[in-house]
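Residue numbers (this note's numbering): 322 to 445.
Report on the structure given below.
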């Protein structure tokens, strides 16, 4: 369902959030923006177009310097928030449960739950 106002949870799937930032790109509007002509399949469901954002996004795809990447992502984030495309309320991490016998399992809101699976073991 598409409406003027919706509330739902979303967020990056990894510490390198390029997949999440695709939600607002309009580099190729016919493909990127959700619309009837592409059966509403475009990832930009907000239908927001901003050339400055597109430039930052395109740079982030090829930038290898981590410090520069961070600044590009901050710039994209600032545009989305300051132009009130989205109103971030909270970063909700996943809910995870595990056996008390499982050791070496440590979670983080910024990494997948299985990021350190090589160090898991059962005790007891």
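The beta carbon of each residue, even a glycine, is placed where N, CA and C say it ideally should be.
- Going by C-alpha positions, residue 443 is about 14 Å away from residue 437.
- Under the DSSP assignment, residue 390 falls in the alpha helix (DSSP H) whose first and last residues are 387 to 403.
- The alpha carbon of residue 328 has as its nearest neighbour, out of 394, 429, 410, the alpha carbon of 410.
- Counting of Cβ neighbours within 10 angstroms places residue 386 among the exposed residues, the total staying below 16.
- Judged by beta-carbon spacing, residue 359 lies beyond the 8 Å limit of residue 345, meaning their Cβ atoms are not closer than that value.
- According to DSSP, residue 443 shares a beta bridge with 423.
- Contact between residue 347 and residue 354 holds, since their C-beta atoms are separated by about 6 Å, short of 8 Å.
- DSSP places residue 354 within a strand segment (E or B) once states are collapsed to three.
- No Cβ-Cβ contact shorter than 8 Å links residue 400 with residue 381.
- For residue 328, there is no enclosing alpha helix (DSSP H), as DSSP gives it neither H nor E.
- With 16 or more neighbouring CB atoms inside 10 Å of its own CB, residue 363 falls in the buried class.
- In the structure shown, the three-state DSSP call for residue 349 is coil.
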